[in-house]
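Everything on this sheet refers to the single structure shown next.
Residue numbers (my numbering): 16 to 319.
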């Protein structure tokens with residue numbers, strides 16, 4: 016019966032044309048090559064080479080057989096090349112789901128970092144609001160997710176990524192632009208752009224105003240921090256938003272100031288527990304952490 020060793024020796028002989036060089040190619044001895052060739056010729060039932068002046072000349076049968084051997088090795092080399100690309104992250108796909116705000120803020124920078132290191136990998140980014148986002152991660156539909164929650168949904172593992180404070184955003188010419196930090200009382204009776212009533216951060220901020228016995232004058236309510244900043248930039252009022260979105264608008268007729276009161280804003284990475292392990296997840300998480308560090312530095316560099 017033909018063995019893989021027979022085919023390996025036959026290929027080496029066809030490529031090199033001599034038992035000596037074939038032995039060097041396979042890191043073995045010349046007698047071993049000659050012995051394996053004799054065994055192969057006995058198995059196939061015909062001569063594979065003619066001996067002429069110390070060289071081996073393949074027979075027509077050997078040339079025909081080598082066509083199939085070459086195809087088999089091309090297939091093996093293709094498998095090996097694919098494995099190398101996957102091992103070195105030069106190929107592959109990664110699916111990410113996140114809150115819509117993160118598609119504007121942390122994800123673009125993280126994807127750039129990831130692409131710089133793994134240009135051959137395709138990243139698919141989907142957005143969804145909570146709680147559907149967490150439900151889809153529980154259903155193991157994505158490789159990695161980004162959420163504002165700090166409790167892992169069922170069937171997932173959660174790791175904190177970033178914790179920073181909410182900030183106040185002000186339009187050009189606003190009376191409070193000259194202040195280094197904004198107190199909630201500073202916003203009393205002033206035009207204010209708010210998130211929707213059911214937003215958890217809106218609820219926290221409203222409760223804080225109520226505790227102080229003051230309230231801003233709400234002129235616009237809108238569901239996303241991106242639209243809040245867009246309205247503020249038009250001069251419609253001040254607002255309190257997450258700092259990731261605020262940073263995207265800095266320098267575009269919008270000013271960012273810290274608050275004297277802390278409203279922690281958290282970002283977490285979620286990985287499904289029961290989805291087949293994607294080796295790219297760890298590399299992408301490293302890119303997210305790199306971008307989170309950059310966000311912290313940008314916030315620290317803002318005027319105070």
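All C-beta atoms, glycine included, are put in the ideal place defined by N, C-alpha and C.
Run the CB neighbour count on residue 53, radius 10 Å, all protein chains shown included, and call it buried at 16 or more, exposed below. exposed
I need the DSSP call for residue 187, collapsed to helix, strand or coil. coil
Given a cut-off of 8 Å, decide if residue 229 and residue 243 are closer than it, judged by their beta-carbon atoms. No, the Cβ-Cβ distance between residue 243 and residue 229 is not below 8 Å.
Per DSSP, the bridge partner or partners of residue 207: BP columns for residue 207 point to 233, 253.
Could you tell me if residue 280 is buried or exposed, where buried requires 16 or more neighbouring beta carbons within 10 angstroms of its beta carbon? buried
Should the segment 179-188 be regarded as contacting the segment 260-271, the criterion being three or more beta carbon pairs within less than 8 Å? yes
Residue range of the beta strand (DSSP E) that residue 178 falls in? Boundaries of the beta strand (DSSP E) around residue 178: 171-180.
Continuous alpha helix (DSSP H) assignments of at least 4 residues falling wholly in the segment 253-311: Listed in chain order, the complete alpha helix (DSSP H) runs (minimum 4 residues) inside the segment 253-311 are 258-264.
Between the beta-carbon of residue 207 and the beta-carbon of residue 167, is there less than 8 Å? The Cβ atoms of residue 207 and residue 167 do not sit closer than 8 Å to each other.
When the Cα atoms are used, what is the spatial distance from residue 76 to residue 64? 9 Å
Span separating the alpha-carbon of residue 293 from that of residue 266: 39 Å
Does the separation of the CB atoms of residue 12 and residue 160 fall below 8 Å? Not covered by the structure: residue 12. The range shown for the chain is 16 to 319.
Among all the DSSP beta bridges, which residues are the ones paired with residue 215? Bridge partners of residue 215: none, in fact.
Kindly indicate the opening and closing residues of the alpha helix (DSSP H) around residue 153. 147-153
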